[in-house]
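Chemist:
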Amino acid sequence: MSKSPNPMIRLIMFTSEDCIYCPPVESIVKEVVGGAIGELIYVNTVDVDENPDVAERYNIHHLPTLMINEKVVLEGGMDDDSVREILWNTLLSLAVANKERMEKSKQSLLHLAVNSWESLTGERMLRKTVGDFIHLGPYQLTLLSLYSLDPLVPGILYQAGYQMGLYGLMHHILSILEPRLGMTTKRMKRLRFITEALALYFSDKEFLPTYIAESARIIYLSDEKFTIEISGLASGSMGINVGEPMCDFTAGTIAGVTEALMGTATVGVEIACAANGNNTCIFEIHIDPPSPQNIRRSPEVEDKLAIRERRLNFYESIHSLTFKLENSYFMRKRLRPSVGDMVHISALQPIVLSIKMMDDYLASILFSAGRELGIFGSGKALLYDIVERNYPEASLPVDFNIGVEVFLKYMTHPTTYLANEWGIVELSEFDPQRPNERILSIGDYGAIAGVPNLGMPFCDYLVGFITGRLAVIIGEEPQVREIACQGTGSAVCKFEIKKAEGSD
Ligand SMILES: [Zn+2]
Ligand SMILES: [Zn+2]
């Protein structure tokens, strides 16, 4: 078994050049992180003078400040032993909790794999109202907004893909696509059959087509490495250059399934991506590499200024992608000419699920990503159009109760349905007893349909989207809460929408 490909505990140390208490604390951090627990921890040092906006966002008033997973654990100078004790206690308990959560996440991902198998073989439809394919628009916009919010997201998606590859059903599918795979144990022969099966898998239009890609071919193969080129991969085919590779999930999946079939540690990295100026996506897969840590793509957050630029760049990308997607929705120009722009929901679900399951902080970025898309994403022209047609007296922003009706018309508009993102959407009647409160029900939401009962509401991203979009419509953010979810056994997801308190 390979080492964990990415650290899941985030330690941020705030320092400055003049801080005299900082160097001793920093050296203890280095000592702890240099030990066995180090591979679980991602350390980021922030100089508050160089990054006043970051310091302000985290509300930093003392130096040094140590935050672990967004919680302050140490402020100001302290003796060495106390620093050591605080660090060890916090980190060890987190490492244990992470392990439990990862286990549950692994089980859920396997459940998703079984679901997608049943859906693709026609045994069971996960979404009876709208079918099991969504437009790749919502899929790509979800990815873009997540990548923009946290530089750790690429590593998390790699990890999720890796688990899917390792424990899911893909190795089974590969063995069906290339039956000779089961007949040899010779390393080189086996590897050749795996690569041939992978090329078939990503080109599949007949056996169990998810339309995750258009086609694939192997461009290099040796006994320690192979290179696979994939055209029209759903996560990369945006028709724009977003400035970094976007297919970490697939890199992880290929590495995981190769590891499952070869029985040796495998690491994958995307060396060129269609979302980053290349025509296709190219993955290099290393089998049993001597130093896996040097190969994996680590989040590039060392350079703090880059975080801000990266985010601005992503906003621009979301904007440009919107135009490309409109052309695709209305069939003017497809992003993927040969297979079209619909993709099976099994491409989207593991991404949302793995982020939701990772930890509470990351679950909260699903909300933020949805909210940003609600505020900045496409479809505003449609909102104006809906208001103009239905409420000729009014103009945006409108009052709360007209606003939620406008939102309902937006969610159920034929052009919105071109993305096939959800099934039936309904709004509770106006209740004079509760004039500032409505319930919105959404059935067969693509990210959740068929997902096992996780014991928690799942649709943080949708809660964020409803919040952001309604903020545009009524001019202020309402309070939105998911009160029933398909992810906890409810037939549909229900969202309570309340007018912000203290406003009228
Ligand atoms: Zn790519
Ligand atoms: Zn839900």
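Heads up, the sequence shown is in our numbering, so the first residue is 19 and it goes up one at a time.
The beta carbon of each residue, even a glycine, is placed where N, CA and C say it ideally should be.
CA-CA distance, residue 539 and residue 201?
Modeler: The structure shown does not extend to residue 539, since the chain is modelled only from 19 to 522, so the question has no answer here.
Chemist: For residue 363, collect the residues of the same chain with a Cβ closer than 6 Å to its Cβ; drop the 5 residues on either side in sequence, then sort them by chain order.
Modeler: Taken in chain order, the residues that qualify are 150, 152 and 464.
Chemist: Only counting the same chain, and skipping five residues up and downstream in sequence, which positions put a Cβ closer than 6 Å to that of residue 266?
Modeler: Hits under 6 Å: 172, 175 and 176.
Chemist: So, using beta-carbon positions, are residue 415 and residue 303 closer together than 8 Å?
Modeler: No, the Cβ-Cβ distance between residue 415 and residue 303 is not below 8 Å.
Chemist: Under the criterion of a Cβ to heavy atom distance below 7 Å, does residue 475 qualify as lining ligand 2?
Modeler: The answer is yes for residue 475.
Chemist: Which residues in the same chain as residue 157 place their Cβ atom closer than 7 Å to its Cβ, once the five residues preceding and following it in sequence are excluded?
Modeler: 252, 361, 365 and 366.
Chemist: Please go through the same chain and pick out, in chain order, the residues whose beta-carbon is closer than 8 Å to the beta-carbon of residue 237, but skip the five residues on each side of it.
Modeler: So the qualifying residues of the chain are 245, 246, 247 and 300.
Chemist: For residue 132 and residue 31, I'd like the C-alpha separation in whole angstroms.
Modeler: About 42 Å.
Chemist: According to DSSP, is residue 512 helix, strand or coil?
Modeler: Reduced to three states, the DSSP call for residue 512 is strand.
Chemist: Do residue 384 and residue 126 count as a contact pair if the criterion is CB distance below 8 Å?
Modeler: No; because the gap between Cβ atoms is not below 8 Å, this pair is not in contact.
Chemist: When you compare only the Cα positions, how much space is there between residue 222 and residue 59?
Modeler: Distance between the alpha carbons of residue 222 and residue 59: 39 Å.
Chemist: For the structure I just gave you, are there three or more beta carbon pairs, one from the stretch 350-360 and one from the stretch 222-233, closer than 8 Å?
Modeler: Touching, yes.
Chemist: Would you give the residue range spanned by the beta strand (DSSP E) that residue 523 belongs to?
Modeler: Absent from the model: residue 523. The displayed extent of the chain is 19 to 522, so no value can be given.
Chemist: Among 374, 519 and 44, which has the Cα closest to the Cα of residue 116?
Modeler: If we check each option's Cα against that of residue 116, 374 comes out closest.
Chemist: Since residue 42 and residue 98 are thought to touch, with beta carbons under 8 Å apart, how far apart are those beta carbons, to the nearest angstrom?
Modeler: Confirmed, about 6 Å.
Chemist: Excluding the 5 residues flanking residue 50 on each side, which residues of the same chain have their C-beta closer than 6 Å to its C-beta?
Modeler: Taken in chain order, the residues that qualify are 105.
Chemist: Specify the secondary structure class of residue 405 as computed by DSSP and reduced to three states.
Modeler: Helix, per DSSP.
Chemist: In chain order, what residues of the same chain lie with their CB nearer than 8 Å to the CB of residue 434, ignoring the 5 residues before and after it?
Modeler: 397, 400 and 428.
Chemist: By how many angstroms is the C-alpha of residue 164 removed from the C-alpha of residue 72?
Modeler: Using only the alpha carbons, I get a separation of about 19 Å.
Chemist: Which residues mark the beginning and the end of the beta strand (DSSP E) in which residue 80 is found?
Modeler: That residue, residue 80, is in no beta strand (DSSP E); it is neither H nor E in DSSP.
Chemist: Where DSSP assigns a beta bridge to residue 62, which residues make up the other side?
Modeler: The partner list for residue 62 (beta bridge, DSSP) reads 30.
Chemist: Following the continuous beta strand (DSSP E) through residue 303, name the residue where it begins and the one where it ends.
Modeler: Residues 299-305.
Chemist: Less than 7 Å between the CB of residue 288 and some heavy atom of ligand 1, yes or no?
Modeler: Yes; taking the cut-off as 7 Å, the Cβ of residue 288 has a heavy atom of ligand 1 nearer than that.
Chemist: By the DSSP assignment, the alpha helix (DSSP H) with residue 229 in it spans what residues?
Modeler: Element bounds for residue 229: n/a, residue is neither H nor E.
Chemist: Under a three-way DSSP split, which group does residue 125 fall into?
Modeler: In the structure shown, residue 125 sits in a helix (DSSP, three-state: H, G or I).
Chemist: Thinking C-beta only, is residue 339 closer than 8 Å to residue 154?
Modeler: Against a cut-off of 8 Å, the Cβ pair of residue 339 and residue 154 comes out as no contact.
Chemist: Can you grab the Cα-Cα spacing for the pair residue 351 / residue 81, in whole Å?
Modeler: Approximately 54 Å, taken between the alpha carbons.
Chemist: In the DSSP assignment, the alpha helix (DSSP H) including residue 171 goes from what residue to what residue?
Modeler: Segment 171-185, the alpha helix (DSSP H) holding residue 171.
Chemist: Need the endpoints of the beta strand (DSSP E) that residue 460 sits in, please.
Modeler: First-last of the beta strand (DSSP E) with residue 460: 455-460.
Chemist: Could you tell me which residues DSSP pairs with residue 497 in its beta bridges?
Modeler: Beta-bridge pairing links residue 497 to 516.
Chemist: Quick one: does the C-beta of residue 162 sit closer than 7 Å to a heavy atom of ligand 1?
Modeler: Not under cutoff, so the answer is no.
Chemist: Taking the Cβ atom as the reference point for each residue, do residue 422 and residue 412 lie within a distance shorter than 8 Å?
Modeler: No, Cβ-Cβ distance for residue 422 and residue 412 is not below 8 Å.
Chemist: Kindly indicate which residue of 207, 220, 261 and 270 has the alpha-carbon position closest to the one of residue 240.
Modeler: The residue with the shortest Cα to Cα distance from residue 240 is 207.
Chemist: Exposed or buried, which one is residue 134 when buried takes at least 16 other CB atoms within 10 Å?
Modeler: Buried, by the Cβ-count rule.
Chemist: Hey, would you say residue 268 sits closer than 8 Å to residue 277, going by beta carbons?
Modeler: No, these two residues do not count as a Cβ contact at 8 Å.
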